[in-house]
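Take the sequence shown: its letters are residues 1 to 65, numbered as in the numbering used here.
In this text, a Cβ means the ideal position worked out from N, Cα and C, and glycines have one as well.
Scroll down for the structure; my scribbles are underneath it.
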Amino acid sequence: MYRFAWQSDSPLYPLNTSENTNDNGLYTGTPGTVYNQATGLGTPGISALANKFTKKREADPIDQK
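Here's what the structure looks like:
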């Protein structure tokens, strides 16, 4: 999941902003970061995250002998 977090089309939505749109009420965050101590990676977009895992598995199949 951390690999996905750094991608430009990340399925994770960080609760990490220091602007007027602070989306978690208390933590003001640091702009441009992916992970923070208070909120972790943020909120996942479940269908987008599932698609990422599916694409990763198809690109790197596990030998199931």
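Asked: As assigned by DSSP and simplified to three states, the class of L12; Found: strand
Asked: Residues sharing a beta bridge with T43, DSSP; Found: Y13
Asked: Presumed contact (8 Å Cβ cut-off) between P14 and G42, rounded CB distance; Found: 4 Å
Asked: Unbroken alpha helix (DSSP H) run spanning Y35, endpoints; Found: Counting along the chain, Y35 falls outside any alpha helix (DSSP H), and DSSP gives it neither H nor E.
Asked: Cβ distance (whole Å) where V34 is taken to contact A5 below 8 Å; Found: 5 Å
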